[in-house]
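Contents: one structure, followed by commentary.
Now the structure itself:
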C-alpha cells in the first residue's frame, strides 16, 4: 500500500528522559526518536521536529496551543506526537477541540527509552502504524491499544491507559 | 475502542535466533515473544502459540499448510504470525490462497531480538496494531510499513521489503 | 591460580537504582548483582548478601558501623562492597579505621545498571579482580582504576574519582 | 595508586562479532572496544590498536608471531589482548615462549558484545584491572578468574576455562 510521509512532533515525556550522572536525576537532553527510527529500520518517511522537551505535568495551555498550531500548519495529513503520559489525554482533548481534520496519534512510554527495558520502541511502532491507517481523528496509542482521544484517561494508580 | 483478542503464532525466523556459546552459531531455543510482550506492557489480549521454530529458508510446503490450518481453525478473527523474512512473502501467498476471511499480519525482524539493536520490538508493536484495524486479508508488516500479501517481496540485495 | 571465595556485600547506590513507572522516580527494589554475575558467567565463588539498599547520601554512622561489623565477622578474607559513589570514600575511611586485616574493595556505578549504558558491569569485573590479588587493605575500584581507601575522593563537579 | 598506560591489542574473537542483516551470519566489522571503554567511563589511559579481526580458530602461526612482535615492540609494560576463546591458551603459550618480561593479559567473551547479554564488558574490566597489578607474565582473564598462561585451557564441552 502506498505510504504518505508522517510528521512526528516530539514534546518530551518519559520517552526521552535521561540519567544525569552528576546529579543522579532524570532530565531531558536530545530526543531519542532519531535513534529509535534508525534501530527500527523504519521505512516510512518520517519528518521529525522537536517542539519542546518537557515533562507533561509541566505542560501549559500555551504549550498545548503551540502543539495544536503546529499540527494545523503541518503539510502532512498524518501525524504522530510523542508526549508524557500524565497529561496525554488533555492534549488529545485540545487537539480534538481544534477540529483539524487530520489523523493525529499521541504516544509515549512508561519507562524511558534510555533504559533497556522500555516500552517506547513498541509504542512508536504502534503509533506509526495506526497513523497510517486510521481515519482523521485524534488517538492515543499506548501498549498495543488505541483509544479515541475523547474517551481515554491514564489510571494514576495502575499506570494503565483505559477507556472512559 | 474495543479490542478483540489476537492470536499470535510463532514460527521462528531471525526474530527468535539466539547465540550458542559453545558452538558460536545462531540457533533456536524458546521464543522471545512472551518477554517482548511483557517489556511492551502490551494491554491487548494476545494468545501466543509456537507452531515451529525454524529458519524460514527451511520452511516446507507441509509447514506452510500447518500454518494455514492453524489460522483457519483459530477461534480469533485477528492473527499475527512471527516469521523469518526470507520466505515471508511465500507464506503470505499460501495464506491468501486459503481464503480465510480473517485479518492475518506477518512480521519478523532483520536482527535477532536477543541482540540489543533489533527492530523486532518495533515490528511487533506495528503488527499488533495493524492486526486490530485492517479489514480481513493477509498483510506483511515490516519496519513501519504494511504490504498487501500478494504485492510484497523481500529485496535480497538491500534486505528491504518492497511493493511488487 | 587458586581462587578463594569472595564475600560481596550490597548496600545500594546508583548501581541498583530502578525506574518507578508510576511515580517517574528512581528507587530501590532488589539488587541486580545476581543478574550481573550470571551475565558475566562469573566463575569466582561469590557469596552475595544485601546489607541495605540506600542512596549513599542517606548513609548514617550506624549504617557504616554495620558495614564494618559485617566485614569483620565475615569468614572470607576478600570482600567486595557495592556502594553509592557520593560517600564511598567515607565508608572506605571507616573500614580503614577498623583495621580489619582483610582485602576490601568498594565499587559502584555512575549510571544505574538497569539503564543500558551503565558502567556497572565493567566496575564489578574490575572490583572482583582487584579483590583477588591485592594485599589486605581498603580500596576503591571505579572505572578501571583502583585507589587506596585513604587517598581517594569523588570530584563532585566532574563526577570522577581522583587521588588525594 | 599511580597508573601506567595500558596497551590494548584487538585480535577479534567472539567479543567483536556482529550480525549481518543480509546474510544472517556473524561477521567482523570494527571493534567494539572503543565503545566499551566509553561506556565503562574508563579512566585508565588505554591505547587501542587493532592487529587483526579474526576468529581465533583461523589464527595462524604467522598471526601469533605478529601478536608476539607487537607486544615486544610496544612501549608499554602492561598489555591487554582481546582474543577469541578457542585458541586463547595457544596464544598465551606463544607469548610465554617469547619471554617478554611484561604483564600481558588475554581476555575475550563467550557471547558477542553486540548481543545485550554479553560477558564482554565484565571481562574487559577484569583484564584491565589484572593488567595493572600482576607482575610480569602472561595471563588469561575470563569470567572473573585469572589463569597463568601455561596452566589454562578452555573446556570445549562446558565452554569454561579451567586450570591444567
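Protein chains in written order, with this note's numbering: chain A, 3 to 166; chain B, 3 to 166; chain C, 3 to 166; chain D, 3 to 166. Where a beta carbon is used, it is the ideal one built from N, C-alpha and C, also for glycine. Only a predicted model underlies this, so the values are computations on that prediction, with no experimental measurement involved.
For residue i, tell me which candidate among the options has the shortest Cα-Cα distance.
{"i": "residue 156/C", "options": "91/A, 11/A, 25/A, 6/A", "result": "25/A"}
{"i": "residue 1/B", "options": "27/B, 32/B, 49/B, 23/B", "result": "One cannot answer for residue 1/B here, as it falls past the ends of chain B, which runs 3 to 166."}
{"i": "residue 91/A", "options": "16/A, 58/A, 118/A, 73/A", "result": "58/A"}
{"i": "residue 103/C", "options": "121/C, 74/C, 109/C", "result": "74/C"}
{"i": "residue 96/C", "options": "30/C, 162/C, 141/C", "result": "141/C"}
{"i": "residue 52/A", "options": "63/A, 64/A, 112/A, 72/A", "result": "72/A"}
{"i": "residue 82/C", "options": "154/C, 63/C, 7/C", "result": "7/C"}
{"i": "residue 122/B", "options": "33/B, 165/B, 27/B", "result": "33/B"}
{"i": "residue 153/D", "options": "98/D, 135/D, 161/D", "result": "98/D"}
{"i": "residue 40/B", "options": "126/B, 66/B, 28/B", "result": "126/B"}
{"i": "residue 100/B", "options": "124/B, 14/B, 68/B, 78/B", "result": "68/B"}
{"i": "residue 78/A", "options": "63/A, 54/A, 55/A, 134/A", "result": "134/A"}
{"i": "residue 14/C", "options": "5/C, 27/C, 63/C, 88/C", "result": "88/C"}
{"i": "residue 64/C", "options": "111/C, 5/C, 137/C, 93/C", "result": "93/C"}
{"i": "residue 136/C", "options": "113/C, 107/C, 112/C", "result": "107/C"}
{"i": "residue 5/A", "options": "80/A, 55/A, 166/A, 66/A", "result": "80/A"}
{"i": "residue 27/D", "options": "55/B, 66/B, 112/B", "result": "112/B"}
Can you tell me the Cβ-Cβ gap for residue i and residue j, rounded? I've got them flagged as a contact below 8 Å.
{"i": "residue 117/B", "j": "residue 118/D", "result": "7 Å"}
{"i": "residue 35/D", "j": "residue 12/D", "result": "6 Å"}
{"i": "residue 129/D", "j": "residue 109/D", "result": "4 Å"}
{"i": "residue 84/A", "j": "residue 163/A", "result": "Between residue 163/A and residue 84/A the Cβ distance is about 15 Å, and since that is not below 8 Å, they are no contact."}
{"i": "residue 31/A", "j": "residue 23/A", "result": "About 12 Å; that fails the 8 Å criterion."}
{"i": "residue 139/D", "j": "residue 150/D", "result": "7 Å"}
{"i": "residue 131/C", "j": "residue 131/D", "result": "4 Å"}
{"i": "residue 61/A", "j": "residue 115/A", "result": "No, residue 61/A and residue 115/A are not in contact; Cβ-Cβ is about 19 Å, not under 8 Å."}
Checking the sheet assignment: what are the DSSP bridge partners for residue i?
{"i": "residue 135/C", "result": "Beta-bridge pairing links residue 135/C to no other residue."}
{"i": "residue 8/D", "result": "48/D"}
{"i": "residue 159/A", "result": "Residue 159/A pairs with nothing; no bridge assigned."}
{"i": "residue 140/D", "result": "106/D"}
{"i": "residue 154/D", "result": "165/D"}
Legend entry - Complete runs of the alpha helix (DSSP H) confined to the stretch 10-86 of chain D [at least 4 residues]: 35-41, 63-75
Inset, instruction - Count the C-beta pairs between the stretch 43-56 of chain B and the stretch 143-157 of chain A that are closer than 8 Å, then say yes if the count reaches three, no if not. - result: yes
Legend entry - beta strand (DSSP E) segments (min. 3 residues) lying fully within the stretch 92-132 of chain C: 105-109
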